[in-house]
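There are 2 protein chains.
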Amino acid sequence: MLSKATIKDIQSLQHKKFRDETHTFLAEGPKVVHELLQESAFECVAIYGLADWVEKAIQESTEFEKYMHIVSEIELSKLATYTTPNKVVAVFKKATVVSNFELKNNITLVLDDIQDPGNLGTIIRTADWFGVKNIVCSLKTADAYNSKVVQSTMASLARVNILYTDHIDWVKKNRSVKVLATLLKGNALKEYKGLGEGILLIGNEANGLCEELQQLADEKITIPGFGKAESLNAAIATAIVLYELKNS
Amino acid sequence: MLSKATIKDIQSLQHKKFRDETHTFLAEGPKVVHELLQESAFECVAIYGLADWVEKAIQESTEFEKYMHIVSEIELSKLATYTTPNKVVAVFKKATVVSNFELKNNITLVLDDIQDPGNLGTIIRTADWFGVKNIVCSLKTADAYNSKVVQSTMASLARVNILYTDHIDWVKKNRSVKVLATLLKGNALKEYKGLGEGILLIGNEANGLCEELQQLADEKITIPGFGKAESLNAAIATAIVLYELKNS
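Protein sequences appear in the order of chains A and B.
With the first letter of the first sequence counted as 1, position 107 gets the number 106 in numbering that gives the first Met the number 0; the numbers rise by one all the way through.
With the first letter of the second sequence counted as 1, position 191 gets the number 190 in numbering that gives the first Met the number 0; the numbers rise by one all the way through.
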């Protein structure tokens, strides 16, 4: 049986403040926990599972046995954010963030206040697909270790380096490669086919890219539209641009 | 003051069964309601707003005055799905669905059990951006008039014809244009650049495209990946393929 203090510690990981303080985060559900363990994506701290899940996991491999704790369904429901019982939650250490990374021959994303965790998760997963190694997030961007983001990105979260910083200041100091912005008016995206390098600025869901970042852009890119839709979702626009920049 | 029966009727629109029976749906919040009214996207049935919202709306235009009802904050909170007070909700008539549409020179999407309303909404909005006029949904696909979908697609929902049917049967009967499937193994997407016509099959988020639909595909397409991510989100994959098919 878990102590009240342990339950409270795990619950506190639902809040960014405690994730930052302890440098750990919570992953929920068999699929995510399994993938993070399998891929050795993050250093494991503890695993809390129902008896049948733990038994099966140990039968498959004893590698993580020392981290496993059997909990009851009631205990588990106290630990998880999701209302559906999900067999297991686990605590992992966050990745170490690199702040000095290579811009040459890489595409680097800069997120200007992406607020929806679902969009952030999709952007991270898509970035990983296209081999993007670094994402710079504004301080108002959703937290990458939010449980919804962890759920949707899984091991991609470990493969992409995610730096939270004053993003405008960062762009000003890192202009050794072209700065690209996707806007409603600009050059046709296909002109940038295969470019393969640059800092790609991504705007907020409701307000787009802030004026200051727009002015820092060397190239303004537009994704051609054929209907009457007013805009594309931020993650969708990111994906289409990444596809073309990597497409040679 | 609203009668209990009216409140109950509006609340019932949170359930697909009642939306189907009454052929109406609920839109929540000033932004969505405003856009649907502005674009005359759907026939309006009734608008329930807080006094200040209604007053301002009538000042701007008296066109919809006859549909407007002033409600209290407490009444509004009973009508809306969202917990944050959002000034207004409105009931609209659903669009008439066309079942016999033109496949030639068009791209038609077929959704194989897309379950997440957020993904469905993003697919509809992206389809509208790329001028896709028709989407065929399997009977297990999320409901396009679900309040989350309405919220994320706004007027795009009115511009795209959405048919729910036995989608496998539909594909079997509509093979006058090429049937395209996006899979992890297939021909490089760029080979289909500018194709501009075809039935594009989109698989379920967790299971991908069912075996039967895979066998109906004339062309198997792959989006090149450069990292270790196992797959792309369904809406993201749809967007990238639509971009290339429309890109000439």
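C-beta: ideal position from N, C-alpha, C; glycine also.
Quantities reported herein were computed from a predicted structural model and do not represent experimental measurements.
* Taking Cβ-Cβ distances shorter than 8 Å, what residues in chain A pair up with residue 127 of chain B? -> As a first step, residue 127 of chain B must be located in the second sequence, where it is residue number 128. Under the 8 Å cutoff, chain A gives 226, 227, 228.
* To do: Name, in chain order, the residues that DSSP records as bridge partners for residue 27 of chain A.
  => Taking the first residue of the first sequence as position 1, residue 27 of chain A is located at position 28. A:88, per the DSSP bridge assignment.
* To do: Tell me the start and end of each unbroken beta strand (DSSP E) in the region 38-110 of chain B that is at least 3 residues and wholly inside, in chain order.
  => 43-48, 67-69, 87-92, 106-110
* **Assigned secondary structure, residue 118 of chain A (DSSP; H/G/I helix, E/B strand, else coil)** => As a first step, residue 118 of chain A must be located in the first sequence, where it is residue number 119. Reduced to three states, the DSSP call for residue 118 of chain A is helix.
* State the start and end residues of the unbroken beta strand (DSSP E) segment that holds residue 245 of chain B. => Here residue 245 of chain B corresponds to residue number 246 of the second sequence, with the count starting at 1. Segment 233-245 is the alpha helix (DSSP H) holding residue 245 of chain B; no beta strand (DSSP E) there.
* To do: Quick one: grab the DSSP three-state call for residue 250 of chain A.
  => Residue 250 of chain A lies beyond the residue range present for chain A, which begins at 0 and ends at 247; the question has no answer from this structure.
* Which chain B residues sit within Cβ distance under 7 Å of residue 234 of chain A? -> As a position in the first sequence, residue 234 of chain A is number 235, starting the count at 1. Those are 235, listed as they occur along chain B.
* By how many angstroms is the C-alpha of residue 78 of chain A removed from the C-alpha of residue 128 of chain A? -> Counting from one through the first sequence, the residue named residue 128 of chain A turns up at place 129. Counting from one through the first sequence, the residue named residue 78 of chain A turns up at place 79. CA-CA distance, residue 128 of chain A to residue 78 of chain A, rounds to 31 Å.
* Between the CA atoms of residue 46 of chain B and residue 113 of chain B - distance to the nearest angstrom -> In the second sequence, the residue the question calls residue 113 of chain B occupies position 114. In the second sequence, the residue the question calls residue 46 of chain B occupies position 47. Approximately 30 Å, taken between the alpha carbons.
* Taking Cβ positions, are residue 102 of chain B and residue 201 of chain B nearer each other than 8 Å? -> Locating residue 102 of chain B in the second sequence gives position 103, counting from the first residue. Locating residue 201 of chain B in the second sequence gives position 202, counting from the first residue. Contact: no.
* Asked: In whole angstroms, what is the alpha-carbon distance linking residue 59 of chain B and residue 39 of chain B?
  -> Locating residue 59 of chain B in the second sequence gives position 60, where the first residue counts as 1. Locating residue 39 of chain B in the second sequence gives position 40, where the first residue counts as 1. If I take the Cα positions, the gap works out to 16 Å.
* **Nearest residue (CA-CA) to residue 146 of chain B, options B:93, B:216, B:190** => The residue you call residue 146 of chain B lines up with position 147 of the second sequence. Ranking B:93, B:216, B:190 by Cα distance to residue 146 of chain B puts B:93 first.
* Asked: Who are the neighbours of residue 121 of chain A on chain B, taking C-beta pairs under 7 Å?
  -> For the purposes of this step, residue 121 of chain A is taken as residue 122 along the first sequence, with counting starting at 1. Under the 7 Å cutoff, chain B gives 232, 235.
* Quick one: does residue 186 of chain B have its CB under 8 Å from some CB of chain A? -> Sequence index remark: in the second sequence, residue 186 of chain B carries index 187 (1-based). Not flagged as an interface residue toward chain A: residue 186 of chain B, since no C-beta distance is shorter than 8 Å.
* Asked: Does residue 193 of chain B come within less than 8 Å of chain A when only Cβ atoms are used?
  -> For the purposes of this step, residue 193 of chain B is taken as residue 194 along the second sequence, with counting starting at 1. No, residue 193 of chain B lies away from the interface with chain A (no Cβ there is under 8 Å from its Cβ).
* **Straight-line Cα distance separating residue 191 of chain A from residue 198 of chain A** => Residue 198 of chain A sits at position 199 when you count from the first residue of the first sequence. Residue 191 of chain A sits at position 192 when you count from the first residue of the first sequence. The alpha-carbon atoms of residue 198 of chain A and residue 191 of chain A are separated by roughly 13 Å.
* Going straight from the alpha carbon of residue 137 of chain B to that of residue 104 of chain A, what length do you get? -> Here residue 137 of chain B refers to the residue found at position 138 when the second sequence is read from its first residue. Here residue 104 of chain A refers to the residue found at position 105 when the first sequence is read from its first residue. So the alpha carbons of these two residues sit roughly 43 Å apart.
* Asked: Under the three-state reduction of DSSP, which class applies to residue 135 of chain B: helix, strand or coil?
  -> Within the second sequence, residue 135 of chain B is the residue found at index 136, counting from 1. The answer is strand: DSSP assigns residue 135 of chain B an E or B state.
* **Extent of the continuous beta strand (DSSP E) to which residue 219 of chain A belongs** => As a first step, residue 219 of chain A must be located in the first sequence, where it is residue number 220. That run of the beta strand (DSSP E) goes 218-221.
* Proximity of residue 87 of chain A and residue 48 of chain A at Cβ, strictly below 8 Å -> Stepping through the first sequence from its first residue, residue 87 of chain A is reached at position 88. Stepping through the first sequence from its first residue, residue 48 of chain A is reached at position 49. The answer is yes: Cβ separation under 8 Å.
* Asked: If you measure from the beta carbon of residue 197 of chain A to each beta carbon in chain B, is any gap under 8 Å?
  -> As a first step, residue 197 of chain A must be located in the first sequence, where it is residue number 198. Residue 197 of chain A does not count as touching chain B.
* Can you give me the start and stop residues for the alpha helix (DSSP H) that residue 1 of chain B sits inside? => As a first step, residue 1 of chain B must be located in the second sequence, where it is residue number 2. Neither: residue 1 of chain B is in no alpha helix (DSSP H) and is coded neither H nor E.
* Whole-angstrom Cβ separation of residue 241 of chain B and residue 148 of chain B, contact assumed at under 8 Å? -> Within the second sequence, the letter at position 242 stands for residue 241 of chain B. Within the second sequence, the letter at position 149 stands for residue 148 of chain B. The Cβ separation is near 18 Å, so there is no contact.
* Identity of the residue in B:158, B:26, B:235 nearest residue 97 of chain B by Cα -> One-based indexing of the second sequence puts residue 97 of chain B at position 98. Nearest option by C-alpha distance: B:158.
* To do: Starting from residue 156 of chain B, trace the beta strand (DSSP E) both ways and give me its first and last residue.
  => In the second sequence, the residue the question calls residue 156 of chain B occupies position 157. Unbroken run through residue 156 of chain B is the alpha helix (DSSP H), 155-158; no beta strand (DSSP E).
* Look at residue 12 of chain A and residue 1 of chain A and say whether their C-beta atoms are less than 8 Å apart. => As a position in the first sequence, residue 12 of chain A is number 13, starting the count at 1. As a position in the first sequence, residue 1 of chain A is number 2, starting the count at 1. The answer is no: Cβ separation not under 8 Å.
* Tell me residue 207 of chain B's beta-bridge partners as DSSP assigns them. => For this step, residue 207 of chain B is matched to residue 208 along the second sequence. In DSSP, residue 207 of chain B forms a bridge with B:203.
* Asked: Ordered along the chain, which non-local residues of its own chain (more than five positions away) have a Cβ less than 8 Å from that of residue 189 of chain A?
  -> The count along the first sequence starts at 1 and reaches residue 189 of chain A at position 190. If we look at residue 189 of chain A and ignore the five residues flanking it on each side, its Cβ neighbours are 243.
* Asked: Where residue 43 of chain A and residue 221 of chain A are concerned, what is the direct C-alpha to C-alpha distance, given to the nearest angstrom?
  -> As a first step, residue 43 of chain A is located in the first sequence; it is residue number 44 there, counting from the start. As a first step, residue 221 of chain A is located in the first sequence; it is residue number 222 there, counting from the start. Taking the straight line joining both Cα atoms gives about 43 Å.
* Asked: Should residue 232 of chain B go down as buried or exposed, given a rule of 16 or more other Cβ atoms within 10 Å for buried?
  -> Within the second sequence, the letter at position 233 stands for residue 232 of chain B. Residue 232 of chain B is buried by the Cβ-count criterion.
* To do: Answer with yes or no whether the minimum CB distance from residue 238 of chain B to chain A is below 8 Å.
  => As a working mapping, residue 238 of chain B is identified with position 239 in the second sequence. So, interface residue.
* To do: Spell out whether any CB of chain A is found under 8 Å from the CB atom of residue 163 of chain B.
  => Residue 163 of chain B sits at position 164 when you count from the first residue of the second sequence. Not an interface residue.
* **Terminal residues of the alpha helix (DSSP H) in which residue 18 of chain A lies** => Indexing the first sequence from 1 puts residue 18 of chain A at position 19. Residue 18 of chain A -> alpha helix (DSSP H) spans 15-21.
* Of the residues that make up the region 153-184 of chain A, which ones have a beta carbon closer than 9 Å to any beta carbon in chain B? -> 153, 154, 155, 158, 159
* Asked: The alpha helix (DSSP H) with residue 192 of chain A in it runs from where to where?
  -> The residue you call residue 192 of chain A lines up with position 193 of the first sequence. Per DSSP, residue 192 of chain A belongs to no alpha helix (DSSP H) and is neither H nor E.
* To do: Given a cut-off of 8 Å, decide if residue 73 of chain B and residue 108 of chain B are closer than it, judged by their beta-carbon atoms.
  => In the second sequence, residue 108 of chain B corresponds to position 109, counting from 1. In the second sequence, residue 73 of chain B corresponds to position 74, counting from 1. No, the Cβ-Cβ distance between residue 108 of chain B and residue 73 of chain B is not below 8 Å.
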